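Using the working numbering, the final residue of the sequence shown is 275, and nothing's skipped along the way.
Every residue gets a Cβ at the ideal spot worked out from N, C-alpha and C, and that includes glycine.
Just so it is clear, the structure is predicted and the values come from calculations on it, not from any experiment.
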Amino acid sequence: MATDYKQIMQNIREFYDFSGKEVLAVGAGGGQLIELGRGTKKLIAIDKDLAAIRQLEARVVAQGLQNQVEIVNADFCETSLSGDVVYFEFSLHEMDDPEDALRHASNLAPDILIFDHLPDSTWAFHAVEEDKVRRSTNALAHFGCVRHQAFHAEQHFQDHAQLLEKVSCQGELAVDRARRFLRRTNIVIPMTYGLTLMAGAPQAHR
């Protein structure tokens, strides 16, 4: 496993309590952290990537969360669902306009929780996402932050081939950056990420 998802899950649960809440989870396709749905009133997972949605559906069934999780294949900014919290799971930096996405979220729920890479993350550099992460981080500055916490983790790979399998989908620049690990084994790449809680409109969830 490249990432310690158990540690990430613990970080989230200690930072924010999802218990009994209606959660709009943006970018939850893939379902690595779908265990968050357990204990919520309902978790509505929104993702426009159909392949990721298929992975999510399989994980929901495997975890026995069919009654807890609703899956919506759609562009988040085109949805009008409401809840107690909008939760961006490593997805805000992927938005075409992160600031617009946050404005939309503020109309849907009183709480907005952003879980994403931080600009100084070495892993974001190797995934060729540093510009996207910087842009989404800058967007947060236009909204009121209730609480923020930074975390440090690591991405682990057996060798260069396994790393390449992970990053090659990001294009030639990612492949080029991975060359520094050629002929290396037990590769460890630091990853920094943050949790940020912001307040949406108090009347957003009726």
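(1) For histidine 195 versus phenylalanine 159, is the C-beta spacing smaller than 8 Å?
(2) Could you pull out every residue in the same chain whose Cβ sits closer than 7 Å to the Cβ of isoleucine 122, ignoring the five residues on either side in sequence?
(3) Apart from the five residues just before and just after glutamine 79, which ones in its own chain have a Cβ nearer than 8 Å to its Cβ?
(4) When the Cα of leucine 232 is compared with those of Arg249, Ala219, Ala127, which residue comes out closest?
(5) Which same chain residues end up closer than 7 Å to glutamine 218 when comparing Cβ atoms and leaving out the 5 residues on each side of it in sequence?
(6) DSSP on arginine 275, reduced to helix/strand/coil?
(7) From Ala170, Leu119, Asp166, pick the residue whose C-alpha is nearest to that of leucine 93; which is it?
(8) Using a Cβ-Cβ distance under 8 Å, would phenylalanine 87 count as near chain D?
(9) If I follow the unbroken alpha helix (DSSP H) through proline 188, where does it start and stop?
(10) Please classify tyrosine 74 as buried or exposed, where buried requires at least 16 neighbouring CB atoms within 10 angstroms.
(11) Assuming leucine 233 is part of the alpha helix (DSSP H), what are its boundary residues?
(12) What's the C-alpha gap between alanine 127 and arginine 107?
(13) Using the Cβ count rule (16 or more neighbours within 10 Å means buried), how would you classify aspartate 153?
From the atom records:
(1) Taking 8 Å as the Cβ cut-off, histidine 195 and phenylalanine 159 do not qualify as a contacting pair.
(2) Answer for isoleucine 122: Gly98, Asp116, Ile140, Asn142, listed in chain order.
(3) Answer for glutamine 79: no residue qualifies.
(4) The shortest C-alpha separation from leucine 232 is found at Arg249.
(5) Answer for glutamine 218: Phe84, Gly263, Leu264, listed in chain order.
(6) Because arginine 275 carries a pLDDT of 46, less than 50, the predicted location of this residue cannot be relied on, and the following value inherits that uncertainty. DSSP, reduced to helix, strand and coil, places arginine 275 outside both helices and strands of the structure shown, so it counts as coil.
(7) If we check each option's Cα against that of leucine 93, Ala170 comes out closest.
(8) Among the protein chains of the structure shown there is no chain D, as only one such chain exists.
(9) Careful: proline 188 lies outside any alpha helix (DSSP H) and carries neither H nor E.
(10) Around the CB of tyrosine 74, fewer than 16 other CB atoms lie within 10 Å, so the residue is classed as exposed.
(11) Counted as a single uninterrupted DSSP element, the alpha helix (DSSP H) harbouring leucine 233 occupies residues 229-236.
(12) When rounded, the distance between both Cα atoms is 16 Å.
(13) By the neighbour-count definition (other C-beta atoms within 10 Å, threshold 16), aspartate 153 is a buried residue.
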